[in-house]
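Undergrad:
Protein chains: 2
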Amino acid sequence: MGVIRKTQSVSLVLNEFEKNSKAISAIELVKRLDDKINKTTVYRLLDKLEDDGLLHYFLDSNGVKWFAKCKICSKSKHHDVHPHFQCTDCGIVDCLEIKITIPEIPNRKVVNSQILVLGQCDLCLQ
Amino acid sequence: MGVIRKTQSVSLVLNEFEKNSKAISAIELVKRLDDKINKTTVYRLLDKLEDDGLLHYFLDSNGVKWFAKCKICSKSKHHDVHPHFQCTDCGIVDCLEIKITIPEIPNRKVVNSQILVLGQCDLCLQ
DNA sequence: TTGCAATCGCAACTAAGTTGCGTTTAAATT
DNA sequence: AATTTAAACGCAACTTAGTTGCGATTGCAA
Ligand SMILES: [Mn+2]
Ligand SMILES: [Mn+2]
Ligand SMILES: [Zn+2]
Ligand SMILES: [Zn+2]
Numbered sequence: 001m002g003v004i005r006k007t008q009s010v011s012l013v014l015n016e017f018e019k020n021s022k023a024i025s026a027i028e029l030v031k032r033l034d035d036k037i038n039k040t041t042v043y044r045l046l047d048k049l050e051d052d053g054l055l056h057y058f059l060d061s062n063g064v065k066w067f068a069k070c071k072i073c074s075k076s077k078h079h080d081v082h083p084h085f086q087c088t089d090c091g092i093v094d095c096l097e098i099k100i101t102i103p104e105i106p107n108r109k110v111v112n113s114q115i116l117v118l119g120q121c122d123l124c125l126q
Numbered sequence: 127m128g129v130i131r132k133t134q135s136v137s138l139v140l141n142e143f144e145k146n147s148k149a150i151s152a153i154e155l156v157k158r159l160d161d162k163i164n165k166t167t168v169y170r171l172l173d174k175l176e177d178d179g180l181l182h183y184f185l186d187s188n189g190v191k192w193f194a195k196c197k198i199c200s201k202s203k204h205h206d207v208h209p210h211f212q213c214t215d216c217g218i219v220d221c222l223e224i225k226i227t228i229p230e231i232p233n234r235k236v237v238n239s240q241i242l243v244l245g246q247c248d249l250c251l252q
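Those sequence lines, one after another, are chains A and B. If you're matching positions, the first sequence starts at 1 in the numbering used here and goes up one per residue. If you're matching positions, the second sequence starts at 127 in the numbering used here and goes up one per residue.
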């Protein structure tokens, strides 16, 4: 796949991710752009942008898909495999710049892991 | 909620989890019991059994709900918060009896975490 | 400009899970 | 053992995130 054309829709979607550094759920993005882009297009674009290494995705504790900007990824490989954080009070989701080590497990080969940390964000703690 | 009556359906569902110690997805369980229990009942039972501390659940990398037996949990609290493992080759899912420590995160209060480890299981490694 | 494949919009579809409601049944009470 | 009744169940219809097929539109290279 991969994005080939710089269409209006691509700009609109990427612009939403430029506004701040938080993650955005596909559901929320579809709503935000409802009057400008068809939901099918939004989903297809998210897939493509992920494919291109511009966005990465993960699932929250309800199985909902969230997307966030990649920092050092490319079309060939996502390098930014990291944990994500969801605030149980306000619902914001973002990327954690920390490394959590998965120990060796007997008789198993660990390839990667998906970690969702739940708790309270800085704003909700005040 | 909580299971009150020892019905035929309860036995059938619990029996599936007694067969071995692996986790079972709700989807798979509905299929397995298709000729014996209505899917609505299966989902309602899984909810109840989870509520009662007999089963716990988690999501796999596709957002699909899986259930597994609890060991030391009760109606009032799930004590068995642990990582889960999914084999990327054969698809089996089970509980990991290991503890993975989430470090302190500045300006955030970590309450709990959901960890899915992906890799190859013992059988698929041979 | 023109050509045309990439992209898009729309409607219909898929699949996991839920809800409402009338019927059945476990099990306590007579 | 028969009666009672709320818990549990089955069924059909619904919800919702995401997908598919296809004809119309559009970015962009020639
Ligand atoms: Mn991230
Ligand atoms: Mn488990
Ligand atoms: Zn918050
Ligand atoms: Zn395996």
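Quick reminder that beta carbons are idealized off the backbone N, C-alpha and C, glycines included. This structure is a prediction, so every number in the text was calculated from the model and none was measured.
Less than 9 angstroms between CB atoms is the rule here; does CYS95 of chain A satisfy it with respect to chain B?
TA: No, CYS95 of chain A does not count as interfacial toward chain B.
Undergrad: Three or more beta-carbon pairs under 8 angstroms between the region 97 to 111 of chain A and the region 230 to 244 of chain B, yes or no?
TA: At 8 angstroms Cβ cutoff, the stretches touch.
Undergrad: Say whether chain A places a C-beta atom closer than 9 angstroms to the C-beta of GLN134 of chain B.
TA: Chain A, which has no Cβ nearer than 9 angstroms to the Cβ of GLN134 of chain B, makes this no.
Undergrad: Report the neighbours of CYS247 of chain B on chain A: residues whose CB is nearer than 7 angstroms to its CB, in chain order.
TA: Under the 7 angstroms cutoff, chain A gives ARG108.
Undergrad: Hey, which residues come within less than 5 angstroms of ligand 4, measuring from Cβ to any heavy atom, in chain order?
TA: In chain order, the qualifying residues are B:CYS213, B:ASP215, B:CYS216, B:CYS247 and B:CYS250.
Undergrad: Quick one, which of A:ASP51, A:LEU12, A:LEU54 and A:SER61 has its alpha-carbon nearest ASN238 of chain B's?
TA: The candidate whose alpha carbon is nearest that of ASN238 of chain B is A:SER61.
Undergrad: Compute the minimum distance between the beta carbon of ILE226 of chain B and the heavy atoms of ligand 3, and state whether it is under 8 angstroms.
TA: Not under cutoff, so the answer is no.
Undergrad: Using a Cβ cut-off of 9 angstroms, pull out every chain B residue sitting near ILE100 of chain A, in sequence order please.
TA: Chain B residues near ILE100 of chain A: ILE226, THR227, ILE228, PRO229, SER239 and ILE241.
Undergrad: Could you give the first and the last residue of the continuous alpha helix (DSSP H) run that contains SER137 of chain B?
TA: 134 to 145 is the extent of the alpha helix (DSSP H) around SER137 of chain B.
Undergrad: Check whether the Cβ of ILE231 of chain B sits closer than 8 angstroms to any heavy atom of ligand 3, and report yes or no.
TA: No.
Undergrad: So, does the CB of VAL64 of chain A fall closer than 9 angstroms to a CB anywhere in chain B?
TA: True, the Cβ-Cβ gap to chain B drops below 9 angstroms.
Undergrad: Given this structure, state the Cα-to-Cα distance separating THR133 of chain B from LEU171 of chain B, to the nearest angstrom.
TA: Cα-Cα distance, rounded: 11 angstroms.
Undergrad: At 7 angstroms on the CB atoms, spell out the chain A contacts of SER187 of chain B, in chain order.
TA: By Cβ distance, chain A contributes GLN114.
Undergrad: Starting from the Cα of PHE193 of chain B, find the closest Cα among B:PHE143, B:ASP248 and B:TYR183 and give me that residue.
TA: Measuring from the Cα of PHE193 of chain B, the nearest candidate turns out to be B:TYR183.
Undergrad: Which residues in chain B sit within 9 angstroms of LEU125 of chain A, going by Cβ to Cβ distance?
TA: Here the neighbours are ASN233, ARG234 and LYS235.
Undergrad: Indicate whether at least one CB of chain B lies closer than 9 angstroms to the CB of PHE67 of chain A.
TA: Cβ-Cβ to chain B under 9 angstroms: no for PHE67 of chain A.
Undergrad: Could you give the first and the last residue of the continuous alpha helix (DSSP H) run that contains ASP51 of chain A?
TA: Unbroken alpha helix (DSSP H) run through ASP51 of chain A: 39 to 51.
Undergrad: One question on the structure: do VAL219 of chain B and LEU175 of chain B come within less than 9 angstroms of each other, judged by their Cβ atoms?
TA: The answer is no: Cβ separation not under 9 angstroms.
Undergrad: Which residues mark the beginning and the end of the beta strand (DSSP E) in which ILE241 of chain B is found?
TA: Start and end: 235 to 246.
Undergrad: Can ILE92 of chain A be considered in contact with ligand 3, in the sense that its beta carbon sits closer than 8 angstroms to one or more heavy atoms?
TA: Checking the Cβ of ILE92 of chain A against ligand 3 gives yes.
Undergrad: Please report whether the beta-carbon of LEU244 of chain B lies at a distance below 9 angstroms from any beta-carbon of chain A.
TA: For LEU244 of chain B, the answer is yes, since a Cβ of chain A falls inside 9 angstroms of its Cβ.
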